[in-house]
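Participant: Protein chains in written order, with this note's numbering: chain U, 1 to 708; chain B, 1 to 169; chain X, 1 to 498; chain D, 1 to 101. In this text, a Cβ means the ideal position worked out from N, Cα and C, and glycines have one as well. Below is one structure. I have some questions about it.
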Amino acid sequence: MLTAALICLLVPLAAFVVQLFLGTRLPRGGDFVSVGAIGASLLAACWIFWQVMAGGEPGYQWSMVFRWVEVEGFTIPMGLAIDTLTAWMLLVVVGVSFLVHVFSIGYMHGEDRYHLYFGYLSLFSFSMLWLVLSDNLLGIFVGWELVGVSSYLLIGFFFPKRSAALACKKAFLTNRVGDLGMWLGIMLVWKELGVLRLEQVYHHVGAGAFSSEATLTIAGVLLFVGAVGKSAQLPLHVWLPDAMEGPTPVSALIHAATMVAAGVYLVGRLFPILTPDALLVIAYVGALTAFFAATIAIVQDDIKRVLAYSTVSQLGYMMVGLGVGSYFGGLFHLTTHAAFKACLFLGSGSVIHAVHTQNIWEMGGLRKKMPITFATWVISTAAISGFPVLTNGFFSKERILGDAMGFGLHLPQHFLIFALPMVAAVITVFYMTRVTIVTFFGEPRDREKYEHAHEGGFEITAPLMVLSAITLLGFAYAGPFERMVTPPSSTDYAAEQFAAFHYGESLRTGALDESHGAHAAEAGRGEAAHEEPAHAETGAEHHEAPWGPHRVDAHSLHTGHRAVLYLSLLALILGVALATLIYHRKRSQEALARRFSGTWRVLYNKYFVDEAYQAGVVNPLLWLNRLSAAFDRVVIDGAVNGSATLTRALSSGSGWSDLRIIDGIVNGIASVTQVFGAAFRRVETGRIQHYFAFFLAGTLVLMLIRVY
Amino acid sequence: MSFEASIWYLVALLTLGTGAYVVFTRNIVRAAFALVFTFLGVAAMYVFLRADFLAAAQLLIYGGGITVLLLFGVMLTHRHEGMELKLDPLKALPAVAIAGGFFVAIWSAARRADWDLVAPVEPVGTSEAIGSAIMTTHLLPFEEISVLLLVVLIGALFVARRSGEEEGS
Amino acid sequence: MGNTLTLMTFVPLIGALVILLLPRGRDELVRWVALAVTAVPLVLAFQVWSGFERGTSEIQFVERASWISLTADLGAQEIPLNIEYYMGIDGLSVSMVLLTALLSVLCVIASWGITKWVRAYFALFLLLETGMIGVFCALDFFLFYVFWEVMLLPMYFLIGIWGGPRKEYAAIKFFLYTLVGSVVMLLAGLAMYYLMGGSFDIIEMARILPNNPDAVALGKVLYLALFLGFAIKIPLFPFHTWLPDAHVEAPTAVSVILAGVLLKMGTYGILRFCYPIFPEATQWFAPTLAVLGVVNIIYGAMCAMAQTDFKKLVAYSSISHMGFVCLGMAALTPQAVSGAVMQMFNHGTITAMLFLLVGVIYDRVHHRDIERFGGLRLQTPIYAGIVMVAFFAALGLPGLSGFWGEAFVFMGSLPSFPKATMLALLGIVLGAGYILWTYERVFLGPLNEAYSDLKDISPREIVSLAPLMVIVVYLGVYPQPLLELLDATLVDLVRGIV
Amino acid sequence: MIGLVHYLVFAGILFCLGLFAVLTRRNAVTVLMGIELMLNAGNVNLVAFNRFVGSGVNGQIFALFIIVLAAAEAAVALAILLNIYRTYKHITVDEIHLLRG
């Protein structure tokens, strides 16, 4: 297991190093190196997945720890840990990454710095895997930042374009603000518990080591802020739409499937230690984001921006899922979303590759020219809209909405948590169908581009087909996912696991499972695989969140699920009808804009959030900088130079006084002596006799004195 | 007054007279000749004081040497200049005052000081005593004075040579 | 093993003399000799590093000889004056000595381009190196002060003669600032000398003075006096204006040394003198130091953001980074203080890289105005890559050495100053801000056609940068070697205070 | 009897005469003569003292030295005079004041 994990982790890193230094010299720009590397990781991931699933136990846990920083004052352990959630995440991340690599070969063909692109992709894969595999908060944070850097590099790949340069900077800085919150959270945990490894954190939290629930909530919320930054939730979502400046496969990989999912993964990891009101905060943020982003998506005319906002909205869904305690709903939606959103992005990539424009109003009627892309696009759109049974999206989305409904019914004052996502569901269907119609149906708006359009090569169409296949087979892996992936509850971890740090692999099958098993049985989950499509009747089992924050009773959950089933069908139909009604006829963008001018303008400008940030945060900061620099120059330097001028003034003052008074005296004396001198000078007549006479006079006087 | 005293007075008077003449005469040549007589008077005084060697030396050096030297000086620097050696009384006044002052000082000192006189002993031939003294106790000054004379000799020659020859060296 | 430290300190001095004797015209020869001379202390430094016994906090490589000893009857009592030549290093100074030796070699390589009075330049440089190593090894206050001044003088000339346009002003300002500090420091030193009854030995002072009643009474005043002298060097907020000027005007190699080593002397001094000798004054002053540290961080970052001169920006970033060190020191927990000392070492290497890189671009275009650059990454990809590594290290990206220093400082200082740490955390965002903004303005975006002929980084420059990059990456991935060096000493230091 | 006092008075008068000559005469040579007079007065005093006070011939030797010196001094003085004469064409003491203060 250790070797598999290390292979999976380190091979992309090796590929990155190879690309960085040897990239240009390798044939075909070394893309085969990166693809090979990610292929190896995929194999390793599959092997791990198979190993974990074969184990059959939901709480399967394997970890390898080594003392990384060991000093008298403190020790920082760093290690890898694989449990069922990691196995799934590995599969998702490496799977999508592999498909994106393949897609990139076709898409990025002929770009300069081709080798660097693949290098950065490998770096991204490495950091994402590190994040997923790491077993402690600090490790996750390291992965967090590395992922941030690789997204910076990838978004800024077309850096000669000024907009790309700004976008990558904006992405990194917004992430950094999120990381600020996460850092504080980690430090709060370190301060309170003195330990960072997740298992130990669960254990200590379970044992009530936190000073007070309030601080635990604050810690939870702070860590969630990190997730908000990374998964582009409401306050910090501004970077994701701009991140579309990067190449499309990058958007597919990073901004659809993996990186943005990291936030949800973190919340998933922290699930056991999140207090009820922390979860509430998460749910609200999720709901708001879902609704808010969906509305903006309606009016976007750049195909990638539509998908970007849809991603933000879907992430909101996942947060709502986790917020209301539906561990399975949130995380499963993450996996399904990864699949169909990646497919959508890659689809848009192939469209852009074909018509060389991102503006949907310059496309139209492409379904005849690009059948495969069209087909996969429709499947993924169905998935995101939650088309029942056939698509994986249905399972995850319904579960979230169902739980949210149940939550809403159970705690009516939080009804908004259900209402917003429900409305967002309708809007999602609406904008997805709008994009589909404008792009693929109707007559081509730009004849010349339409003629030029053609289906991409095998590297482009293959990934699309694979992803759409995964989307369709949703029902197959819904059951196993639900059975295997259960949150590690803090109470179950026996203390002795953490007694001693150990180096090397410790395959704990024994100790943990039976204690966890007991929990599973008690939860009353039937063993039967969940093959039957209709979801409603499985509602019998009631699965309250492990920590039981909300203790949502079975009844409200039950009604919730049934109601949601009908509501979502209704939403589906409503959305599709509305969109076709509006967009089918050859309406142009301006016509529509005029009709809804007011709301349209607000939505189009993304609620002026960017402008607000610019005015509210960036400009005052810049102004403050100029002020402090000026202050630095004027005041401090002023003080220093002031003291210098002061001393100069003093010195000149003393100089003046020196000149007037002291010099005066000296000159006075000089002039006096001068006068005497002059007087005496007349004495010096130069005639010897006078000298002699004076001399004698002197001696005579002396003699007289002497004698008398 | 004994015979000797009267001769002494005579000689003293003679010396002082010629001395005054040297001082007050207009004619510088006459002054020079008067100087000779003054030196003779002083030599006589030495004889009275039983310093015979000294008298001879005085006569020899002063009488012979210095007066001739002065005459040379007079002759060389005197040719075309008038004899206007007049004495302006205004300048004389301070000089008289100082000279008088000095005389009074000396006079009073001489009179009031009680020299422990010792009975004048009849010295017999001082030259032998002077000779031995020069060669023994006063050898150093004697040597120095010889060096001095040599230096003066050269110096005088050097200073007094014709201005033309300076560049010669 | 006996006299490694003395050798290490005085070989550069001898080298300086040798260089002065070399014939006038032979610049190349002078450069190679200088390189050889600086290589010697580097080898010795490695020997010391490997020979240094981790895990113990007592002084190693001790060399002790009586230097000046006479009994002067000063007023009432008879105070024997004995100043010893007492050299030794412990956890705190071993990393600094290594840093100094390494940076000196790199700076000699970096100053290959100096053409004006080459001999004088290298002689002064080697004298500077002697001063620096001496400061870190001296354990006798008098000897420490002598080396402190020896280090100060050549720096003044190096800036004053080979500097940029406003070099005289900058040199004078630098000199006066540090001099005022050192004078106050000397006063404090003499006071300690009398309190000790006639000995300058720091280790003795640390042992005796804390429980000497009148030393405690005077503690605050002496602490502040010493602190002022060192605060100017760090530089802390009110005293920092000399740094940007000195950096902007100094030639590349000199500003590398200035930022890489001289700034660390301030914090080193505080940790060597103020902390062990005046424990209760340290505790009394700690909150103020924390506040000053945070001010340094935020203020430095904001000023940096407003700069258009590349070098001034890096100078202000140094102020911001040194703010972290002060915060770490103020927190008085073993983790924070070891974080602070780690940050000192890491910042030394990272800033050295930054200044060398600024030097590279300056040698080519002879101006440092960020606004006039643009899209250089197209023209000089390798250079842009190295700058990116340096920038992200300065940013505190995990996986590069900058992160660990800040990480430990934050972790350590949160318990003692929660609010200050949160503000300091804002610093890392501001830091990210001005660094990426600069990177974007200089390297990204369309290529500024004025620089289409710019040639990429030369092998010589890469040689001077390579060791630093290796260190930054290695310590970033695995900080243990540096941490185990300084840990024992610092834990003792903090235990002594708290 | 001719006592010491007589000689002293005689020498005093001679000395004052010489002094007066030096102070008033305008011709450098006469000034020299005046100096010679003063020197002789000095000598007389010496010899007189030697005769009346003490024993031995010290006084006389001293006088002898003075005589020799006087000769040397006269020679040098005249040499200088000649030089002055050659440059000034006159040797009236009043006009020679090159070294004026």
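Please look up how many angstroms separate the CB atoms of Gly375(X) and Gly445(X), rounded, as I've assumed it's under 8 Å.
Facilitator: Against the third sequence, residue 375(X) aligns to sequence position 375. Against the third sequence, residue 445(X) aligns to sequence position 445. That belief holds up - the Cβ atoms of Gly375(X) and Gly445(X) are roughly 5 Å apart, short of 8 Å.
Participant: Taking Cβ-Cβ distances shorter than 8 Å, what residues in chain U pair up with Cys303(X)?
Facilitator: Locating residue 303(X) in the third sequence gives position 303, where the first residue counts as 1. The contacting residues are Asn625, Ser628, Ala629 and Asp632.
Participant: Could you please give the first and the last residue of the uninterrupted alpha helix (DSSP H) stretch that includes Pro528(X)?
Facilitator: This structure gives no information on residue 528(X), because the portion of chain X shown stretches from 1 to 498.
Participant: For the beta strand (DSSP E) containing Ala207(U), name the first residue and the last one.
Facilitator: Locating residue 207(U) in the first sequence gives position 207, where the first residue counts as 1. From DSSP, Ala207(U) is part of no beta strand (DSSP E); its letter is neither H nor E.
Participant: I'd like to know whether the C-beta of Ala649(U) is nearer than 8 Å to at least one C-beta of chain D.
Facilitator: The residue labelled residue 649(U) in the question sits at position 649 within the first sequence. Taking Cβ atoms only, chain D never reaches closer than 8 Å to Ala649(U), which makes this a no.
Participant: When the distance is taken between beta carbons, is Gly119(U) closer than 8 Å to Phe32(U)?
Facilitator: Within the first sequence, numbered from 1, the residue matching residue 32(U) stands at position 32. Within the first sequence, numbered from 1, the residue matching residue 119(U) stands at position 119. Not in contact: Phe32(U) and Gly119(U) (Cβ atoms no closer than 8 Å).
Participant: Closest to Pro77(U) by C-alpha separation, out of Gly106(U), Glu199(U), Leu2(U) and Met89(U), would be which residue?
Facilitator: As a working mapping, residue 77(U) is identified with position 77 in the first sequence. Selected option, being the one with the closest Cα: Glu199(U).
Participant: With a threshold of 8 Å between beta-carbons, can Thr136(B) be considered close to chain D, or not?
Facilitator: Residue numbering aside, residue 136(B) sits at position 136 when the second sequence is read from its first letter. Not an interface residue.
Participant: Out of curiosity, what's the CA-to-CA distance linking Phe33(B) and Val675(U)?
Facilitator: For the purposes of this step, residue 33(B) is taken as the residue at position 33 of the second sequence. For the purposes of this step, residue 675(U) is taken as the residue at position 675 of the first sequence. C-alpha separation (whole angstroms): 48 Å.
Participant: Is it the case that the Cβ atoms of Leu92(X) and Arg272(X) are separated by a distance below 8 Å?
Facilitator: The count along the third sequence starts at 1 and reaches residue 92(X) at position 92. The count along the third sequence starts at 1 and reaches residue 272(X) at position 272. Yes; because the gap between Cβ atoms is below 8 Å, this pair is in contact.
Participant: With a cut-off of 8 Å, does the C-beta of Ile98(B) fall near any C-beta of chain D?
Facilitator: For this step, residue 98(B) is matched to residue 98 along the second sequence. At least one CB atom of chain D sits nearer than 8 Å to the CB of Ile98(B).
Participant: Considering only DSSP beta bridges, list what Ile82(U) is partnered with.
Facilitator: Along the first sequence, read from residue 1 onward, the residue named residue 82(U) stands at position 82. Partner(s): Trp62(U).
Participant: By DSSP's criteria, Thr75(U) is part of a beta bridge. Which residues make up the other side?
Facilitator: Taking the first residue of the first sequence as position 1, residue 75(U) is located at position 75. DSSP, once it has assigned bridges, lists Glu70(U) as partnering Thr75(U).
Participant: May I have a chain-ordered list of the alpha helix (DSSP H) segments no shorter than 4 residues that lie completely inside the stretch 344-420 of chain U?
Facilitator: 371-385 and 392-410
Participant: For the stretch 51-67 of chain D, which residues have a beta carbon sitting closer than 9 Å to at least one beta carbon of chain B?
Facilitator: Arg51, Phe52, Val53, Gly54, Ser55, Gly56, Val57, Asn58, Gly59, Gln60, Ile61, Phe62, Ala63, Leu64, Phe65 and Ile67
Participant: Rounded to whole angstroms, what is the Cα-Cα separation between Ile352(U) and Gln358(U)?
Facilitator: Within the first sequence, residue 352(U) is the residue found at index 352, counting from 1. Within the first sequence, residue 358(U) is the residue found at index 358, counting from 1. When rounded, the distance between both Cα atoms is 6 Å.
Participant: Residue range of the alpha helix (DSSP H) that His452(U) falls in?
Facilitator: The residue labelled residue 452(U) in the question sits at position 452 within the first sequence. Where His452(U) is concerned, the enclosing alpha helix (DSSP H) stretches over Arg447 to His452.
Participant: Against Ala19(D), what residues of chain U qualify as contacts under a CB-to-CB distance less than 9 Å, listed in chain order?
Facilitator: The residue labelled residue 19(D) in the question sits at position 19 within the fourth sequence. Correcting the residue identity first, residue 19(D) is Leu in this sequence and not Ala. Result: Phe692 and Leu696.
Participant: Determine the closest residue to Leu35(X) out of Leu99(X), Asp90(X), Ala110(X) and Gln47(X), with distance taken between C-alpha atoms.
Facilitator: Translated into positions along the third sequence, residue 35(X) becomes position 35. Out of Leu99(X), Asp90(X), Ala110(X) and Gln47(X), Ala110(X) has the C-alpha closest to the C-alpha of Leu35(X).
Participant: Which residue marks the beginning of the alpha helix (DSSP H) containing Asp277(U), and which one marks its end?
Facilitator: Here residue 277(U) is taken as the residue at index 277 of the first sequence, counted from 1. Asp277(U) -> alpha helix (DSSP H) spans Pro276 to Val299.
Participant: Which residues in the same chain have their Cβ closer than 8 Å to the Cβ of Leu188(U), if we skip the five residues on either side of it in sequence?
Facilitator: For this step, residue 188(U) is matched to residue 188 along the first sequence. Excluding sequence neighbours, Leu188(U) sits near Thr215, Ile218, Ala219 and Leu222.
Participant: Since Pro94(B) meets chain U, which of its residues come closer than 7 Å, beta carbon to beta carbon?
Facilitator: Along the second sequence, one-based indexing puts residue 94(B) at 94. Simply Ala693.
Participant: Which of the three DSSP states, helix, strand or coil, is assigned to Gln60(X)?
Facilitator: To locate residue 60(X), count along the third sequence from 1; it is residue 60. If DSSP states are grouped into helix, strand and coil, Gln60(X) belongs with the strands.
Participant: Roughly how far, in whole angstroms, is the beta-carbon of Leu603(U) from the beta-carbon of Thr311(U), given that I think they are within contact range, below 8 Å?
Facilitator: Position 603 of the first sequence, counted from the first residue, corresponds to residue 603(U). Position 311 of the first sequence, counted from the first residue, corresponds to residue 311(U). With a Cβ gap of about 17 Å, Leu603(U) and Thr311(U) do not count as contacting.
Participant: Just curious, the alpha helix (DSSP H) that Gln47(X) is in, first and last residue?
Facilitator: Walking along the third sequence from the start, residue 47(X) turns up at place 47. That run of the alpha helix (DSSP H) goes Asp27 to Gly51.
Participant: Please classify Thr87(D) as buried or exposed, where buried requires at least 16 neighbouring CB atoms within 10 angstroms.
Facilitator: In the fourth sequence, residue 87(D) corresponds to position 87, counting from 1. Under this definition Thr87(D) is an exposed residue.
Participant: I'd like to know whether the C-beta atoms of Gly575(U) and Val426(U) end up nearer to each other than 8 Å.
Facilitator: Counted from its first residue, the first sequence places residue 575(U) at position 575. Counted from its first residue, the first sequence places residue 426(U) at position 426. Yes, they are a contact pair.
Participant: Any C-beta of chain U within less than 7 Å: which residues of the stretch 284-313 of chain X qualify?
Facilitator: Tyr299, Met302, Cys303, Met305, Ala306 and Gln307
Participant: So, Ile460(U) versus Tyr107(U), is the Cβ gap smaller than 8 Å?
Facilitator: Within the first sequence, the letter at position 460 stands for residue 460(U). Within the first sequence, the letter at position 107 stands for residue 107(U). Result yes, Cβ atoms of Ile460(U) and Tyr107(U) sit closer than 8 Å.
Participant: Closer than 8 Å, CB to CB, is Val22(D) near chain C or not?
Facilitator: The displayed structure is made up of protein chains U, B, X and D, and chain C is not among them.
Participant: What residue range does the alpha helix (DSSP H) around Asn27(D) cover?
Facilitator: Position 27 of the fourth sequence holds residue 27(D). Per DSSP, Asn27(D) belongs to no alpha helix (DSSP H) and is neither H nor E.
Participant: In three-state terms, what does DSSP make of Met108(U)?
Facilitator: For the purposes of this step, residue 108(U) is taken as the residue at position 108 of the first sequence. The answer is coil: DSSP assigns Met108(U) none of H, G, I, E or B.
Participant: Residues of the stretch 262-273 of chain X in Cβ contact with chain U at a cutoff of 8 Å, in chain order, please.
Facilitator: Among the residues of the stretch 262-273 of chain X, none has a Cβ less than 8 Å away from any Cβ of chain U.
Participant: Under DSSP, the alpha helix (DSSP H) around Lys419(X) begins and ends at which residues?
Facilitator: If you number the third sequence from 1, residue 419(X) lands on position 419. Residues Pro418 to Phe443.
Participant: What whole-angstrom Cβ distance do Val94(X) and Trp49(X) have, given they're in contact under 8 Å?
Facilitator: Reading the third sequence from its first residue, position 94 is the one you call residue 94(X). Reading the third sequence from its first residue, position 49 is the one you call residue 49(X). Right, their Cβ atoms sit about 6 Å apart.
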